[in-house]
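Under the working numbering, the first residue of the sequence shown carries the number 131, and numbering increases by one thereafter.
To keep things clear, I will list the structure first and then write my remarks on it.
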Amino acid sequence: MNMTRITVAKGDGIGPEIMDATLVIIIAAGAALEIEEIQVGEKVYLAGNTSSISEASWDTIRKNKVFLKAPITTPQGGGYKSLNVTTRKFLGLYSNVRPCMSLHPFVSTKHPVMDIVIVRENEEDLYGGIEHQQTDEVVQCLKLISRPGCEKIVRYAFEYAKQQNRKKVTCFTKDNIMKQTDGLFHQVFDEIAKEYPEIANEHWIIDIGAAKLADTPELFDVIVMPNLYGDILSDVAAQITGSVGLAGSANIGEECSMFEAIHGSAPRRAGQNVANPSGLLQGAIMMLNHIGQTAVAEKVQNAWLKTLEDGTHTYDIFKDGVSKQKVGTKEFAKAVIANLGHGPAVLKPVSYSKNTALDLPRYKRRAPAEKLLVGVDVFIDWSGSEPDELAKDLNAMKSESVKLTMITNRGIKVWPNGFKETFCTDHWRCRFMPEQGRTMTKQNIIELLGKTQENGLDSIKTENLYSFNGKAAYSLGQGQ
Ligand code: NAD
């Protein structure tokens, strides 16, 4: 077998112990790896590098393309950036894949037949971290959802389902409220689902979907969702299988990939030889599949399943009456190695011959739509409380070309015909549209801003309103 060169970071807390255990198991199983180790994490943060990774380490990761990473500790205090978020975005690791499977009756769970895979979009949504304070009372975070982001992750979910012989892909969004952002995700899901008639598809609004996932996870198979929902629900899904300590995750991009456990560095357990290496081992098994060493991956997974079935358990999953032997990290690794070549008797053994990396087509940009400027929302910082007064001031600025059509506060329409019960902050969205027979121009917006300035109104930002192919592409005021 050809050697594959990978980058390894042993991380902080329990990281070095679970990484050593993982490596010793996969190498004993015959993994053909050349390992290049880099230092990331707490020491690098505390040495003054706010991203916890040096230029040389980036070079190593980009050269080797495959990165196996143990958890790291983010020091307390502000100013430190999440290495995980940075790595996923810099390297374009758009797909986060987390299988969550019950190991009943060997690991206790309320959901004995659960076997799902969460495919989480990994680069965009609220994780752009684009935040601003604009008034005394209001801060905002931009939620960015792109067509390429949606197409890539939804296609990944369907291709994954096809490869793994899974029967259904479910999509979770909140598009009844976020009609543009989550609406695009749902729309792309529906478009791509049509290309896979052999796989069932369905969409759930995230709130009821999450409730069903926590209550009856056996209803689901593969679930695809935008970044924030996936972040939260993949932890819920892992936890209800029995323990977050058992789940691994793959972060896949077009060029590079990163594999890890889903849990953190558990600093209180560090250096005691008690941590469960299973989560990182699951990440390493996904890595072996990804690099084509599927036979080794299969051998390790079947030995791991047998070890759990034997009742050889670390403290976090040890249960009197179910477990047989409480072991430490090193002893667990030895038990898995002793089981290499054997498989489980009760749990289903795995077969990974088809599990190689997915070869997805590159995103192709479509022909541009016809984009037309149709209005503008001017946001005003105003400490009054009567929307009619603000409307009076704004109407005084009206020109032959544009008119005020609506004021909202936190999305609720408060003018015209607002409710006096609606609570208002100091952050007002004031919508201007062209007068009858006029078209909106950028010059109109510049003039409007000039007038707010002349009239002593504090404009804090504008959002242009566009139609695409004749369809209005912006939210209305709630209540409108
Ligand atoms: P954690 O996941 O480290 O620990 C949560 C609980 O689970 C603790 O009780 C811990 O003892 C237990 N636990 C976790 N992994 C275990 C394992 N393999 N075996 C046995 N028990 C295990 O979460 P936390 O305490 O919130 O975070 C600790 C540190 O980890 C923080 O600095 C956080 O920023 C960091 N963190 C890193 C990553 C990462 O690098 N991917 C992810 C999450 C948290």
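Note that beta-carbon positions come from the ideal geometry of N, C-alpha and C, so glycine has one too.
Computed from a predicted structure; not experimentally measured.
Item: I'd like the list of long-range same chain contacts for residue 132, defined as Cβ closer than 7 Å, with 5 residues on each side in sequence excluded.; Value: 162
Item: Exposed or buried, which one is residue 526 when buried takes at least 16 other CB atoms within 10 Å?; Value: exposed
Item: Starting from the Cα of residue 516, find the closest Cα among 555, 606, 140 and 256 and give me that residue.; Value: 555
Item: Taking the Cβ atom as the reference point for each residue, do residue 415 and residue 158 lie within a distance shorter than 9 Å?; Value: no
Item: Note the first and the last residue of the continuous beta strand (DSSP E) segment covering residue 334.; Value: 330-335
Item: Quick one: is the Cβ of residue 568 within less than 8 Å of any heavy atom of the ligand NAD?; Value: no
Item: Opposite residue 545 in the DSSP bridges: which residues?; Value: 537
Item: Do you know offhand how far residue 304's Cα is from residue 312's?; Value: 6 Å
Item: Is there at least one non-hydrogen atom of the ligand NAD closer than 8 Å to the beta-carbon of residue 546?; Value: no
Item: Would a C-beta distance cut-off of 9 Å place residue 446 and residue 394 closer than the cut-off?; Value: no
Item: Measuring only the C-alpha atoms, how far is residue 149 from residue 407?; Value: 7 Å
Item: How would you call residue 547, buried or exposed, if buried means at least 16 neighbouring beta carbons within 10 angstroms?; Value: exposed
Item: According to the neighbour-count rule (16 or more other Cβ atoms, all chains shown, within 10 Å of its Cβ), is residue 138 buried or exposed?; Value: buried
Item: Can you have a look at residue 306 and say buried or exposed, based on whether 16 or more other CB atoms are within 10 angstroms of its CB?; Value: exposed
Item: Using 8 Å for Cβ pairs, my map puts residue 479 next to residue 471. What's the rounded Cβ distance?; Value: Actually they do not touch by this definition, with Cβ atoms about 12 Å apart.
Item: Relative to the C-alpha of residue 564, which candidate in 251, 291, 528 and 431 has its C-alpha closest?; Value: 528
Item: Would you report the Cα separation of residue 599 and residue 502, rounded to the nearest angstrom?; Value: 8 Å
Item: Around the C-beta of residue 551, are 16 or more other C-beta atoms found within 10 angstroms, so that it is buried, or is it exposed?; Value: exposed
Item: Shortest alpha-carbon distance to residue 475 belongs to which of 505, 439, 444 and 482?; Value: 439
Item: Please say whether residue 291 and residue 329 have beta carbons closer to each other than 9 Å?; Value: yes
Item: Where does the unbroken alpha helix (DSSP H) through residue 149 begin, and where does it stop?; Value: 145-158
Item: Could you pull the start and end residues of the alpha helix (DSSP H) that residue 410 belongs to?; Value: 408-420
Item: Would you report the Cα separation of residue 293 and residue 487, rounded to the nearest angstrom?; Value: 10 Å
Item: Along the beta strand (DSSP E) that carries residue 263, what are the first and last residues, could you check?; Value: 261-263
Item: Would you please verify whether the beta carbon of residue 442 is less than 9 Å from any beta carbon of chain C?; Value: Judged by its chain identifiers, the structure shown contains no chain C, having just a single protein chain.
Item: Please work out which residues of its chain come closer than 6 Å, Cβ to Cβ, to residue 143, disregarding the five sequence neighbours upstream and downstream, and give them in chain order.; Value: 203, 395, 396, 397 and 400
Item: Could you check whether the stretch 211-231 touches the stretch 359-370, counting it as contact only if at least three pairs of C-beta atoms, one from each stretch, sit closer than 8 Å?; Value: yes
Item: Give me the Cα-Cα distance between residue 178 and residue 213, rounded to the nearest whole angstrom.; Value: 14 Å
Item: Could you tell me which of 582, 434, 336 and 574 sits nearest to residue 505, measuring between CA atoms?; Value: 574
Item: With distances taken from CA atoms, which of 170, 597 and 338 is nearest residue 188?; Value: 170
Item: Could you spell out where the alpha helix (DSSP H) holding residue 316 opens and where it closes?; Value: 311-323
Item: In whole angstroms, what is the alpha-carbon distance linking residue 489 and residue 417?; Value: 15 Å
Item: Which first and last residues belong to the beta strand (DSSP E) in which residue 501 is found?; Value: 501-511
Item: Within its chain, find whatever has a CB closer than 7 Å to the CB of residue 266; leave out the 5 residues flanking it on each side and keep chain order.; Value: 556
Item: Since I believe residue 258 is in contact with residue 274 (beta carbons under 8 Å), could you give me their beta-carbon distance rounded to a whole number of angstroms?; Value: 5 Å
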